[in-house]
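Heads up: the sequence lines are chains W and G, in that order. Using our numbering, the first residue of the first sequence is number 420, and each one after it goes up by one. Using our numbering, the first residue of the second sequence is number 5, and each one after it goes up by one. Backbone N, C-alpha and C fix where the C-beta goes; we use that ideal spot for every residue, glycine too. Nothing here was measured: the structure is a model prediction, and the numbers come from that model.
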Amino acid sequence: MSDVVDVEDTEDLECALEDDRTARRRVAIHDIAPGADWNEVEEAILTRRSIRKFKGRQPPAHLIRRILEMGRFAPSQGNCQPWSFVVVRDREMIAEMEQYCVAVCQNMTAGIDYTNYESGSEQRAAILQNTQVLNRQNPNSFHPVPMTAIKSIAKGRFAVFHKAPTVILILVDKRGVGVPEVDVGVVGTNIVLAAQSLGLGTCWVGFSRLLSSNTALCEKLGVAAPFEIAEAICVGYSIGNPAQQPVSRQTHEIIWWEGGQKEVLY
Amino acid sequence: MTASNVEKAVVPPDHLAIWDDPREALYGRVTIDLETCDGCKLCTVVCPANILELYGPKDNLKVRIKEDFTGCMSCNNCYAICAGQAVIASEPYDFAGYYEQKRIGKFEFPRKF
Ligand SMILES: Cc1cc2nc3c(=O)[nH]c(=O)nc-3n(C[C@H](O)[C@H](O)[C@H](O)COP(=O)(O)O)c2cc1C
Ligand code: SF4
Ligand code: SF4
Numbered sequence: 420m421s422d423v424v425d426v427e428d429t430e431d432l433e434c435a436l437e438d439d440r441t442a443r444r445r446v447a448i449h450d451i452a453p454g455a456d457w458n459e460v461e462e463a464i465l466t467r468r469s470i471r472k473f474k475g476r477q478p479p480a481h482l483i484r485r486i487l488e489m490g491r492f493a494p495s496q497g498n499c500q501p502w503s504f505v506v507v508r509d510r511e512m513i514a515e516m517e518q519y520c521v522a523v524c525q526n527m528t529a530g531i532d533y534t535n536y537e538s539g540s541e542q543r544a545a546i547l548q549n550t551q552v553l554n555r556q557n558p559n560s561f562h563p564v565p566m567t568a569i570k571s572i573a574k575g576r577f578a579v580f581h582k583a584p585t586v587i588l589i590l591v592d593k594r595g596v597g598v599p600e601v602d603v604g605v606v607g608t609n610i611v612l613a614a615q616s617l618g619l620g621t622c623w624v625g626f627s628r629l630l631s632s633n634t635a636l637c638e639k640l641g642v643a644a645p646f647e648i649a650e651a652i653c654v655g656y657s658i659g660n661p662a663q664q665p666v667s668r669q670t671h672e673i674i675w676w677e678g679g680q681k682e683v684l685y
Numbered sequence: 005m006t007a008s009n010v011e012k013a014v015v016p017p018d019h020l021a022i023w024d025d026p027r028e029a030l031y032g033r034v035t036i037d038l039e040t041c042d043g044c045k046l047c048t049v050v051c052p053a054n055i056l057e058l059y060g061p062k063d064n065l066k067v068r069i070k071e072d073f074t075g076c077m078s079c080n081n082c083y084a085i086c087a088g089q090a091v092i093a094s095e096p097y098d099f100a101g102y103y104e105q106k107r108i109g110k111f112e113f114p115r116k117f
């Protein structure tokens, strides 16, 4: 059986498959020395920022199609691609979405923002207790960061869709393989990075999920079971130049096993 | 306010956290270089927490942190937009009353390995 290829022997397999183009790419990869400059993909990753202030100009439709096309080739669990998109480029529709989410935040803060009341007051104590119980039940949603944002949205100091000219709603097919919400994160990452490389600014909007409680608006938008709004991505041209320098961020523990040794890196 | 002058809350297991006491919920902190800041206003416009504001005479505007500030998440969008790199967040938020930060190290710019 000498003509059977040993599947374990991938070195051989790679050589067999190599044409000119892949050969060149492999050389480029092997050439990268420690400390080498960022390539274009790395640049896009490092200079992407969440953009929350947009110019009025609408990005051309073909660029939105172009970034969605990059999403189409994202990896997904079992290749199930559990996503679909609603692209909203009508100002009135985006304003209606904004208004609804703001109203939800106002209702929420009325019941849970104890900081609206004097320290020591009875009202404050009552609402604080309410908030703390909710926080216990759902620590991720009542984490101080989203809480601060919800408070600011309610007071009109922070926006939900940031007056973006284009909003892409990412819908998740709840029947997807494994954890379909992870695939939504992956498809969205392709979209925001592609946008960055084309000079478009983006911002993820998790608060877009608030729209789900408005059945009429969902119907109008074209959101229906088994799909749900998972996330949104605002797209437009940013003001200023937020890509002029990468930022500083915390490092994270990396446990590194090699040569029978365990090391902790940051 | 810096981490060093805030005594973190000791959190017993049945503790229910509050978010307007810095011992329990300490937000990100930014440093501003007043010599470099030219008052261009960009950072105040892009800051998602809306905690930065301009002050001073018209011909010598500078940026500062609002008195009533909460919500800085150390995203450094202010740093990214500032041509003179006059404003920077270099410490993460720390919500001691909610949970202990684990497995994180200090702030670093992108490192070329
Ligand atoms: C899944 C997801 C949801 C987010 N939701 C919101 C949101 O609702 N509103 C918002 O202003 N930013 C949102 N963001 C943006 C984050 O706040 C931002 O990515 C983070 O502060 C880091 O800043 P950078 O994106 O500029 O690097 C979201 C990000 C992700 C990944
Ligand atoms: S962006 Fe920089 S120069 Fe402009 S106001 Fe902010 S700190 Fe000052
Ligand atoms: S780090 Fe982010 S939230 Fe904090 S002041 Fe700068 S822009 Fe605002």
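- prompt: Three or more C-beta pairs closer than 8 Å, one from the stretch 587-603 of chain W and one from the stretch 463-475 of chain W: is that the case here?
  reply: no
- request: Kindly indicate which three-state DSSP category residue 33 of chain G falls into: helix, strand or coil?
  value: strand
- prompt: From the beta carbon of residue 482 of chain W, is the nearest beta carbon of chain G less than 8 Å away?
  reply: no
message: Are the CB atoms of residue 614 of chain W and residue 486 of chain W within a distance shorter than 8 Å?
response: yes
- prompt: In chain G, which residues lie less than 9 Å from residue 577 of chain W when you measure between Cβ atoms?
  reply: Ordered by position in chain G, the residues that pass the 9 Å Cβ test against residue 577 of chain W are 52, 53, 54, 75.
query: Which same chain residues, not among the five before or five after residue 544 of chain W, have their C-beta less than 7 Å away from its C-beta?
result: none
- prompt: Between residue 535 of chain W and chain G, is there a C-beta pair that is closer than 8 Å?
  reply: no
- prompt: What residues match up with residue 623 of chain W in a beta bridge as DSSP calls it?
  reply: In the DSSP output, where bridge partners are listed per residue, residue 623 of chain W has W/652.
- prompt: Are residue 117 of chain G and residue 665 of chain W close, meaning C-beta to C-beta below 8 Å?
  reply: no
task: Go through its chain and collect everything with a Cβ distance to residue 630 of chain W's Cβ below 7 Å, but skip five positions before and after it.
output: 516, 519, 520, 636, 637, 648
query: So is residue 66 of chain G in contact with chain W if we call contact Cβ pairs under 8 Å?
result: no
task: List the residues of chain W that residue 4 of chain G touches, going by C-beta distances under 8 Å, in chain order.
output: The requested residue 4 of chain G is not part of the displayed model; chain G covers only 5 to 117.
- prompt: Between the stretch 44-62 of chain G and the stretch 668-683 of chain W, do at least 3 Cβ pairs fall closer than 8 Å?
  reply: no
task: May I ask you to check if the CB of residue 625 of chain W is nearer than 7 Å to at least one heavy atom of ligand 1?
output: yes
query: What did DSSP end up calling residue 644 of chain W once you bin it into helix, strand or coil?
result: coil
- request: Within the same chain, show all residues whose beta-carbon is closer than 6 Å to that of residue 641 of chain W, passing over the 5 residues directly before and after it, in chain order.
  value: 505
CA-to-CA distance, residue 79 of chain G to residue 95 of chain G, given in whole angstroms: 10 Å
task: With DSSP as the reference, please indicate the residues paired to residue 677 of chain W in a beta bridge.
output: W/680
query: Would you say residue 656 of chain W and residue 473 of chain W are within 8 Å of each other, going by their C-beta atoms?
result: yes
- prompt: In angstroms, rounded to a whole number, what distance separates the CA positions of residue 398 of chain W and residue 609 of chain W?
  reply: What the structure shows of chain W is the stretch from 420 to 685, and residue 398 of chain W is not part of that stretch, so it cannot be assessed.
task: May I have all residues whose beta carbon comes closer than 6 Å to any heavy atom of ligand 3, sorted in chain order?
output: G/32, G/34, G/51, G/52, G/53, G/55, G/56, G/76, G/77, G/78, G/79, G/80, G/81, G/82, G/93
task: Identify whether residue 110 of chain G lies in helix, strand or coil by the three-state DSSP scheme.
output: Residue state, collapsed to three classes: strand.
message: My output table needs one value for residue 555 of chain W: the three-state DSSP class, helix, strand or coil.
response: helix
- prompt: Is the closest heavy atom of ligand 1 to the C-beta of residue 469 of chain W under 7 Å?
  reply: yes
message: Let me confirm a value: residue 24 of chain G is counted as buried when at least 16 other C-beta atoms fall within 10 Å, else exposed. Which label applies?
response: exposed
Residue 62 of chain G: CB within 7 Å of a non-hydrogen atom of ligand 2: Checking the Cβ of residue 62 of chain G against ligand 2 gives no.
Cβ neighbour criterion (16 or more within 10 Å) applied to residue 6 of chain G: The pLDDT assigned to residue 6 of chain G is 42, lower than 50, so where the model puts this residue is not dependable, and the model offers no usable value.
message: Give me the chain G residues within the contact set of residue 685 of chain W, using Cβ-Cβ distance strictly less than 7 Å, ordered along the chain.
response: Using a Cβ-Cβ cut-off of 7 Å, residue 685 of chain W is close to 109 of chain G, given in chain order.
task: Return the chain-ordered list of same chain residues with a C-beta closer than 7 Å to the C-beta of residue 569 of chain W, the five sequence neighbours on each side being excluded.
output: 524, 527, 528
query: Relative to the alpha-carbon of residue 619 of chain W, which residue among W/422, W/455, W/482 has its alpha-carbon at the smallest distance?
result: W/482
Simplified DSSP state of residue 74 of chain G, which is helix, strand or coil: coil
- prompt: What distance in whole Å lies between the Cβ atoms of residue 595 of chain W and residue 652 of chain W, which are believed to be in contact at a cut-off of 8 Å?
  reply: At roughly 19 Å, the Cβ-Cβ gap does not stay under 8 Å, so residue 652 of chain W and residue 595 of chain W are not in contact.
field: Any 3 or more C-beta pairs closer than 8 Å across the stretch 85-100 of chain G and the stretch 31-51 of chain G
entry: yes
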